């Protein structure tokens, strides 16, 4: 989980140095575009989370002792962030999810160059997943 | 006799797209080539130097190459490394700059003057080709000082 987030954090930091926030935006939009868009049924109240300015939906599914997540948003950039968080949080047990603190966003530099609102939004996604899995 | 011609071979994504960029936008000319799919390559006469473009999986966005590129400071400005390019006469530099703007080619670094008021004063600009190879085009005010050491 941490390694996935670290890789994304490294890319986002490097892109800010290489091409400024435009580089980061293109990267996040690209990540979002490669992921599926939820159907209207999937964009339901039960999957909608609060804490982000954009609308964000997260779907949870369960495997053997582990949880999987998919994310979507009506904002192209926030969708990229949702994909990063849901990918990193997928495939883990409730105990492992419980061990992740939302400050990991800043600890890993994942929010480097992003606005405070987007950083807080990522933290809210982590908290939402923790609650949904019963880890919080 | 041909001598002192620099040669560089790079991956270039889709070759037709790359040839269009180097020939129709930069104004270079196409040379020798070989087509043995998927191993295609083409030589570009890059202002008298041999630039060989090899077909490869296209990487159209800078982030597709993020792990291959670094940013470094030169005269306090960030530049992307690796890059390659050419020194041009001021008139050729300005003609190319105008053409890039006419063709709506976006800069990686807009034209600016570096090492101002030194023997190495130069105008430089950075662009990327369709495969995100980074190119630096520059023109020195005093080209005779190019390889001087300890220039002030």
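Residue numbers (my numbering), protein chains in the order written: chain W, 13 to 148; chain R, 1419 to 1570. Quick reminder that beta carbons are idealized off the backbone N, C-alpha and C, glycines included. Remember, predicted model here, so these are calculated numbers, not experimental data.
Discussion item. I need the straight-line Cα distance from residue 142 of chain W to residue 1432 of chain R, nearest angstrom please.
Written reply: For this step, residue 142 of chain W is matched to residue 130 along the first chain. For this step, residue 1432 of chain R is matched to residue 14 along the second chain. Between residue 142 of chain W and residue 1432 of chain R, the C-alpha separation is close to 44 Å.
Worksheet entry | Selection of the stretch 20-45 of chain W by Cβ proximity to chain R, strictly under 8 Å | 23, 26, 27, 29, 30, 31, 35, 38, 39 and 42
Worksheet item: When DSSP labels each residue in this structure, what does residue 1422 of chain R get in the three-state scheme?
Response: Numbered from its first residue, the second chain carries residue 1422 of chain R at position 4. In the structure shown, residue 1422 of chain R sits in coil (DSSP, three-state: anything other than H, G, I, E or B).
Worksheet item: What first and last residue would you give for the alpha helix (DSSP H) that runs through residue 145 of chain W?
Response: Translated into the one-based positions of the first chain, residue 145 of chain W becomes position 133. Run containing residue 145 of chain W: 128-145, per the alpha helix (DSSP H) assignment.
Discussion item. Quick check on the burial criterion: 16 or more other C-beta atoms within 10 angstroms. Buried or exposed for residue 1454 of chain R?
Written reply: As a position in the second chain, residue 1454 of chain R is number 36, starting the count at 1. Exposed.
Worksheet item: Looking at the structure shown, is residue 59 of chain W part of a helix, part of a strand, or coil, going by DSSP?
Response: Stepping through the first chain from its first residue, residue 59 of chain W is reached at position 47. If DSSP states are grouped into helix, strand and coil, residue 59 of chain W belongs with the helices.
Fill in: the stretch 34-46 of chain W / the stretch 1480-1492 of chain R touching (three or more Cβ pairs under 8 Å)
yes
Practice prompt. Measure the C-alpha to C-alpha separation of residue 17 of chain W and residue 1550 of chain R and round it to an integer number of angstroms.
Written response: On the first chain, residue 17 of chain W is found 5 positions in, with the first residue counted as 1. On the second chain, residue 1550 of chain R is found 132 positions in, with the first residue counted as 1. Taking the straight line from one Cα to the other gives about 25 Å.
Discussion item. Between residue 1505 of chain R and chain W, is the shortest Cβ-Cβ distance under 8 Å, so that the two count as touching?
Written reply: Numbered from its first residue, the second chain carries residue 1505 of chain R at position 87. So no, residue 1505 of chain R is outside the interface.
Item to complete: State buried or exposed for residue 1499 of chain R, treating a residue as buried only when at least 16 other CB atoms are found within 10 Å of its CB.
Response: As a first step, residue 1499 of chain R must be located in the second chain, where it is residue number 81. Residue 1499 of chain R comes out exposed.
Worksheet entry | Nearest neighbour of residue 1475 of chain R, chosen from R:1465, R:1457, R:1488 and R:1463 [CA to CA] | In the second chain, counting from the first residue as 1, residue 1475 of chain R sits at position 57. Nearest C-alpha to residue 1475 of chain R: R:1457.
Discussion item. Taking the alpha-carbon of residue 1565 of chain R as reference, which of R:1543, R:1537 and R:1553 has the nearest alpha-carbon?
Written reply: The sequence position of residue 1565 of chain R within the second chain is 147, counting from 1. Selected option, being the one with the closest Cα: R:1537.
Fill in: residue 91 of chain W: first and last residue of the uninterrupted alpha helix (DSSP H) it sits in
Here residue 91 of chain W refers to the residue found at position 79 when the first chain is read from its first residue. Counting along the chain, the alpha helix (DSSP H) containing residue 91 of chain W begins and ends at 88-101.
Discussion item. Quick test of the definition: if touching needs 3 or more C-beta pairs under 8 Å, does the stretch 1421-1431 of chain R touch the stretch 1531-1545 of chain R?
Written reply: no
Worksheet item: Taking buried to mean at least 16 other C-beta atoms within 10 Å of its own C-beta, is residue 46 of chain W buried or exposed?
Response: Translated into the one-based positions of the first chain, residue 46 of chain W becomes position 34. Exposed: under 16 other Cβ atoms inside 10 Å.
Worksheet item: Three or more beta-carbon pairs under 8 Å between the stretch 60-67 of chain W and the stretch 81-88 of chain W, yes or no?
Response: yes
Worksheet entry | Selection from W:123, W:121, W:116 and W:74 that minimises the alpha carbon distance to residue 146 of chain W | Within the first chain, numbered from 1, the residue matching residue 146 of chain W stands at position 134. Residue W:74 is the option with its Cα nearest to residue 146 of chain W.
Worksheet item: Taking 8 Å as the CB-CB cut-off, is residue 1523 of chain R touching chain W?
Response: Stepping through the second chain from its first residue, residue 1523 of chain R is reached at position 105. So, not an interface residue.
Worksheet item: Which ranges does the beta strand (DSSP E) cover as unbroken runs of at least 3 residues, wholly within the stretch 1435-1515 of chain R, from first to last along the chain?
Response: 1447-1454, 1457-1464, 1467-1472, 1488-1492, 1495-1499 and 1502-1505
Discussion item. Counting only Cβ pairs nearer than 7 Å, list the residues of chain W close to residue 1487 of chain R.
Written reply: Stepping through the second chain from its first residue, residue 1487 of chain R is reached at position 69. Simply 30.
Practice prompt. Pull up the DSSP beta-bridge partners for residue 1573 of chain R, would you.
Written response: Because chain R here runs from 1419 to 1570, residue 1573 of chain R falls outside it and cannot be looked at.
Discussion item. Counting C-beta neighbours from all protein chains within 10 Å, is the total for residue 1438 of chain R 16 or more, i.e. buried, or is it exposed?
Written reply: Along the second chain, read from residue 1 onward, the residue named residue 1438 of chain R stands at position 20. Residue 1438 of chain R is exposed by the Cβ-count criterion.
Worksheet item: So, are the CB atoms of residue 1436 of chain R and residue 1471 of chain R less than 8 Å apart?
Response: By one-based count along the second chain, residue 1436 of chain R stands at place 18. By one-based count along the second chain, residue 1471 of chain R stands at place 53. In contact: residue 1436 of chain R and residue 1471 of chain R (Cβ atoms closer than 8 Å).
Worksheet item: Can you tell me where the alpha helix (DSSP H) with residue 18 of chain W in it begins and where it stops?
Response: For the purposes of this step, residue 18 of chain W is identified with residue 6 of the first chain, where counting begins at 1. 14-46 is the extent of the alpha helix (DSSP H) around residue 18 of chain W.
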